[in-house]
Every structure is written in C-alpha cells, then in structure tokens.
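One structure is given here, and the rest of the page talks about it.
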Amino acid sequence: EQRPHIHDEL
Amino acid sequence: MNIFRLVADLLHLASIFILLLKIQQTKSCAGVSLKTQALYFVVFVTRYLDLFTHFYSVYNSLMKLFFIASSAYIVYLMWKPYRPTYSASTDTFRAEFLIVGAALLGLAFPDSWHILDILWSFSIYLEAVAILPQLFQMTRTGEAETITSHYVFALGAYRALYLMNWIYRYYTEGYMDVIAWVAGAVQTILYADFFYIYLTRVMRGRLFSLP
Numbered sequence: 862e863q864r865p866h867i868h869d870e871l
Numbered sequence: 002m003n004i005f006r007l008v009a010d011l012l013h014l015a016s017i018f019i020l021l022l023k024i025q026q027t028k029s030c031a032g033v034s035l036k037t038q039a040l041y042f043v044v045f046v047t048r049y050l051d052l053f054t055h056f057y058s059v060y061n062s063l064m065k066l067f068f069i070a071s072s073a074y075i076v077y078l079m080w081k082p083y084r085p086t087y088s089a090s091t092d093t094f095r096a097e098f099l100i101v102g103a104a105l106l107g108l109a110f111p112d113s114w115h116i117l118d119i120l121w122s123f124s125i126y127l128e129a130v131a132i133l134p135q136l137f138q139m140t141r142t143g144e145a146e147t148i149t150s151h152y153v154f155a156l157g158a159y160r161a162l163y164l165m166n167w168i169y170r171y172y173t174e175g176y177m178d179v180i181a182w183v184a185g186a187v188q189t190i191l192y193a194d195f196f197y198i199y200l201t202r203v204m205r206g207r208l209f210s211l212p
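Residue numbers (our numbering), protein chains in the order written: chain V, 862 to 871; chain Y, 2 to 212.
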C-alpha cells in the first residue's frame with residue numbers, strides 16, 4: 862500500500 | 002535542524018504572539034485580515050494531518066499543535082468577541098480564488114497521489130498566497146498600525162530564513178523539495194514590497210504608510 866511522504870519541516 | 006530553520010520557526014511563533022498582543026493591547030483587530038487568518042487555519046489543518054500518522058519529534062508535534070490551536074483561536078477572537086472592531090469593509094480580497102487555485106495546483110502537482118500528500122501540497126500552495134488579503138488590505142487603507150506591520154515583517158522574515166535553510170540543507174544533506182521550494186520562493190517574493198516599506202519607514206519610527 863502506498864504511504865504518504867515524510868515532510869519533516871513545519 | 003539548523004540555525005536558519007530554528008530561528009525561522011521561532012519567528013513564526015513570535016509573529017503569532019505579536020498578533021495576539023496587538024489584538025489584546027489595542028482591544029481591536031482593526032487592520033487585521035480575517036481572510037488571511039482563516040486561510041492560515043486551513044493551511045495548518047490540512048498540512049498537519051500527519052500528526053496522526055507519523056511522529057517526528059516532540060518539538061515538531063508541539064509546534065504543529067500550537068499553530069493549529071493559535072490560528073483557530075485568532076479566527077475565533079476576530080469572529081466573535083472582537084467582531085465589532087473588524088475592518089470588514091477593507092478586507093475585500095477574494096480569498097475563494099486562492100483556495101480554488103491552490104486546490105487545482107494541489108491536484109495538478111501533488112507531492113504524491115496519497116490523500117495526505119495532496120492535502121499537504123494544497124496547504125503549501127495555499128500558504129504561499131495566504132498573506133495576500135492582508136497585504137491587499139494594507140494597500141487599500143494605505144497604512145497599518147506599527148504592531149500589525151511588525152507581525153507581517155516577522156512572518157516575511159520567517160519565510161526568508163526558510164529559503165536559507167533550504168540552501169543549507171541542499172548542500173549539507175542533499176535535501177530537495179521542489180514543491181516547497183517553488184511555493185516558498187513565491188511566498189517570500191510577495192513580501193518584497195512590504196519589506197522595503199517596512200525597513201525604510203517603520204524602522205525609522207514612522208507608521209507603515211504608503212508613499
């Protein structure tokens with residue numbers, strides 16, 4: 862299953 | 002984390018406290034765009050859904066919760082208790098166009114086709130232009146209270162530091178995020194005129210007034 866990308870910035 | 006990003010985030014935090022101080026001190030939200038504030042609330046809610054799916058750090062989670070809660074609180078203050086002081090007649094920028102535009106961009110250029118990434122992209126595009134109703138209102142009235150211009154300056158400085166953060170991260174980690182970069186650059190450019198007037202007038206102790 863596709864996972865959302867990681868966005869570490871606010 | 003690097004110094005640019007940390008200071009940027011702290012300036013973002015400071016901008017919100019400045020705005021709350023302005024409302025509390027003057028007992029008025031005159032000159033503050035409710036549309037811009039409502040757009041920021043939408044930005045934070047749609048971007049920070051990953052609070053439920055991914056843990057980064059305590060700092061990250063606390064900041065996200067603060068941005069969502071404070072933007073909701075500001076919208077509430079302007080909507081209810083301070084409603085009589087709200088300058089609705091000059092807050093006339095058509096914010097719905099910004100929402101539709103950001104939604105179309107989010108669907109056309111999403112970070113991925115996952116629903117969270119579509120919403121994240123939408124929030125990035127929307128944040129880039131969310132200050133426009135505020136800047137438009139200041140242009141319409143021709144001036145702003147000093148504390149309101151400090152608020153906008155802190156927001157603009159936060160964006161400018163994010164650009165430096167990205168340059169730093171690119172060279173130190175090879176970090177790339179084209180969507181955030183392009184939207185962030187557009188967002189910072191929108192402040193260019195404001196920065197000029199702020200630095201030449203407000204810093205010299207005069208009102209933010211257009212020449």
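Quick reminder that beta carbons are idealized off the backbone N, C-alpha and C, glycines included. Computed from a prediction, not measured in an experiment: that's the story for all the values here.
Handout entry: Beta-carbon neighbours of Y:S62, restricted to chain V and to distances below 8 Å
Key = By Cβ distance, chain V contributes nothing, its closest Cβ being about 10 Å from Y:S62, past 8 Å.
Problem - Collapsed DSSP secondary structure at Y:F94 in the structure displayed - result: coil
Exercise for the section: Give a yes or no on whether the minimum CB-CB distance between Y:K36 and chain V is below 8 Å. Expected result: no
Handout entry: Within chain V, partners of Y:Y57 - CB distance below 7 Å
Key = D869
Exercise for the section: Measure the C-alpha to C-alpha separation of Y:D178 and Y:F195 and round it to an integer number of angstroms. Expected result: When rounded, the distance between both Cα atoms is 27 Å.
Exercise for the section: From the DSSP output, in three-state form, read off Y:S210 for me. Expected result: strand
Exercise for the section: Using a Cβ-Cβ cut-off of less than 8 Å, give me the residues of the region 171-192 of chain Y that come near chain V, in sequence order. Expected result: D178, A181
Exercise for the section: Provide the residue(s) that pair with Y:A73 in DSSP beta bridges, ordered along the chain. Expected result: DSSP, once it has assigned bridges, lists no residue as partnering Y:A73.
Practice task
Examine chain A for any beta-carbon lying closer than 8 Å to the beta-carbon of Y:S71, and answer yes or no.
Solution key: Among the protein chains of the structure shown, namely V and Y, there is no chain A.
Problem - beta strand (DSSP E) segments (min. 3 residues) lying fully within the region 14-63 of chain Y - result: The DSSP assignment places no complete beta strand (DSSP E) segment of no fewer than 3 residues inside the region 14-63 of chain Y.
Handout entry: Min CB distance Y:W121 to chain V below 8 Å
Key = Yes, Y:W121 counts as interfacial toward chain V.
Problem - Interfacial residues, the region 11-24 of chain Y to chain V, with Cβ spacing under 7 Å - result: none
Handout entry: Within chain V, partners of Y:L117 - CB distance below 7 Å
Key = P865
Practice task
Could you give the DSSP three-state label for Y:E128: helix, strand or coil?
Solution key: helix
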